[in-house]
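Structure, as structure tokens:
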Amino acid sequence: MKTKTHDPGTPLTLSRKALALIDKAELTPQEVEWLNQETISNFRNHVNPGFLEYRKSVTEQGQHAAIEWRASGPNTLIDTQGREYIDCLGGFGIFNVGHRHPTVVKAVERQLAKQPLHSQEMLDPLRALLAKLLADITPGDLQYCFFGNSGTEAVEAALKLAKAYQSPRGRSAFIATEGGFHGKSLGALSATSKPVFRQPFYPLVPGFSHVPFGDLAAMEARLKAHAEQGDPVAGVIVEPIQGEGGVIIPSDDYLPGLRRLCDEYGALLIFDEVQTGMGRTGKLFACQHSNTTPDILCLAKALGGGVMPVSATIASKKVFSVLFDNPFLHTTTFGGNPLACAAAIATINVMLEEDLASNSAEVGEYLLDGLKSLARQHPSLVAAVRGRGMLQAMEFHDNTLGYAFAKGMFDQGVLVAGTLINAKTIRVEPPLTLTRALVDKVLKRAKLVLDQMERNHTPESPDTSETRLAVNA
């Protein structure tokens, strides 16, 4: 076995240099060169070399030119070379209030100066205030919150909460949907559908099955079969709009139909709004488009304002009360910490003060109309354009075309990317602060890319990029 040998001075020197770079607003050319080389080397040797292949394929001439440095505005980023990018990816949905919103940054900085993490023994006031805010803005009778750090944690908490509530009632089975994505921990992965993510980790949590998304008849048949077999369903978990599945929007009667079926068969209804929540679809929560309230709602991503990781699992009193007698049944050290709660409180304030959900609906419609017009001009490339609010997608005829579009937009200074479940679909998911002027720039650049692709396109091109696109989410 190879033994590590350490120069005691090297980690100290490296940490000093890293802190010095963090402290700087701008880098010298020599610092840029050093940081780029160090980043590539350390990804290869200490993070994951697989990411280099994926990143290389969307940078110019394979030179790893794009190493992120800072935000240059609410909707733009700059790399170490000083090149600016319009962000139409939004960190996969975390930058709803834009990059470095001053209200969110200020709240975190002020809390950091007082008490970054809580003692675990005394009551922490920001957790209490955030829980009340979420109870006030979420639909229906959702009342109690459990806080975590990520969407996966929110889903895990929801599944455990549903199990705790339903196990005394003899219920343990769960139904999820084909094309759904709920995270990659063992519990959340059991609800996630794509085989390439699931197969290396079998056996997963037992009791999960999947039915087609948007198909109420299939859901009813599965619920009925479970009941007739003496294995009644504990919960049904769905995204109101499938994000990683390719921005798949169900019919208007789907969510109300799920509510009716869950009530009829005694199952809890869990909405995973990790990606669709916080104004993304033109309302604060996507389930509000159909006036449907779940028993449990999962939030994360944008809840922290693009400044802090934070998630929330919100449930009705009836369901959450199973944790009243033993609040330590499901806990987390860092969930609901003061910095995260300060960020989330500020984010909710910004969402309401600036009415960003309305901007998402209005500017999102303008962007969607423009993308649909481009699709009509390039039918041999684009199969469909769809979306709601600022959650949009361009579906190409194959993975190779989708990947070429993402790369072309990157070269034009616009960030977009594929989706984890449906690789030929490119997500367009900008901050909700996007302006019409920036939309015009994005559409102009998208036209340039599509026109170039049209000139280069041969219909019989082999589809070889599925794996890379599946990563490029």
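Residue 837 in the working numbering sits at position 409 of the sequence shown; the count goes up by one each step and never skips. C-beta: ideal position from N, C-alpha, C; glycine also.
Hey, how far is the Cα of residue i from the Cα of residue j?
i	j	result
residue 794	residue 863	10 Å
residue 454	residue 792	34 Å
residue 501	residue 847	25 Å
residue 591	residue 616	13 Å
residue 902	residue 765	The requested residue 902 is not part of the displayed model; the chain covers only 429 to 901.
residue 852	residue 881	15 Å
residue 516	residue 752	42 Å
residue 871	residue 463	33 Å
residue 588	residue 662	11 Å
residue 512	residue 445	25 Å
residue 721	residue 568	6 Å
residue 443	residue 450	10 Å
residue 787	residue 595	43 Å
residue 656	residue 646	15 Å
residue 623	residue 613	14 Å
residue 576	residue 585	8 Å
residue 704	residue 641	16 Å
residue 890	residue 809	Bear in mind that a pLDDT of 45 at residue 890, under 50, signals an unreliable position, so the number given afterwards is only what the model happens to contain. Roughly 14 Å separates the two Cα atoms.
residue 532	residue 883	45 Å
residue 626	residue 849	12 Å
residue 542	residue 535	11 Å
residue 737	residue 649	39 Å
residue 771	residue 729	12 Å
residue 885	residue 658	55 Å
residue 504	residue 510	12 Å
residue 456	residue 466	15 Å
Classify residue i as helix, strand or coil using the three-state DSSP reduction.
i	result
residue 506	strand
residue 538	helix
residue 601	strand
residue 574	strand
residue 677	coil
residue 515	strand
residue 621	coil
residue 530	helix
residue 774	helix
residue 478	helix
residue 840	coil
residue 845	strand
residue 885	coil
residue 700	strand
residue 725	strand
residue 438	helix
residue 485	In this prediction, residue 485 scores a pLDDT of 48, lower than 50, which makes its location untrustworthy; no coordinate-derived value is stated.
residue 494	coil
residue 547	coil
residue 640	strand
residue 853	strand
residue 500	strand
residue 818	coil
Report back the beta-carbon spacing between residue i and residue j to the nearest angstrom; my notes put them in contact at under 8 Å.
i	j	result
residue 693	residue 757	Wrong, their Cβ atoms sit about 26 Å apart, outside the cutoff.
residue 726	residue 702	6 Å
residue 858	residue 518	5 Å
residue 834	residue 825	Actually they are not in contact, since the Cβ atoms of residue 834 and residue 825 sit about 15 Å apart, beyond 8 Å.
residue 820	residue 842	Wrong, their Cβ atoms sit about 13 Å apart, outside the cutoff.
residue 523	residue 734	4 Å
residue 643	residue 667	That pair is no contact at about 15 Å.
residue 468	residue 480	7 Å
residue 475	residue 508	Between residue 508 and residue 475 the Cβ distance is about 17 Å, and since that is not below 8 Å, they are no contact.
residue 869	residue 506	Not really, about 16 Å apart at Cβ, beyond 8 Å.
residue 822	residue 799	6 Å
So, residue i versus residue j, is the Cβ gap smaller than 8 Å?
i	j	result
residue 676	residue 562	no
residue 578	residue 739	yes
residue 779	residue 712	yes
residue 877	residue 836	yes
residue 715	residue 555	no
residue 619	residue 602	yes
residue 605	residue 638	yes
residue 673	residue 611	no
residue 707	residue 860	yes
residue 709	residue 669	yes
residue 724	residue 696	yes
residue 565	residue 776	yes
residue 773	residue 557	yes
residue 784	residue 874	no
For residue i, decide whether its Cβ has a neighbour in chain D, counting only Cβ atoms nearer than 8 Å.
i	result
residue 767	The chain labelled as chain D is not found in the depicted structure, where only one protein chain is given.
**OP:** Please determine if the stretch 520-528 and the stretch 677-693 are in contact, where contact requires at least 3 C-beta pairs separated by less than 8 Å.
**Re:** no
**OP:** Taking 8 Å as the threshold, find out whether the stretch 812-821 comes into contact with the stretch 563-577 through three or more Cβ pairs.
**Re:** no
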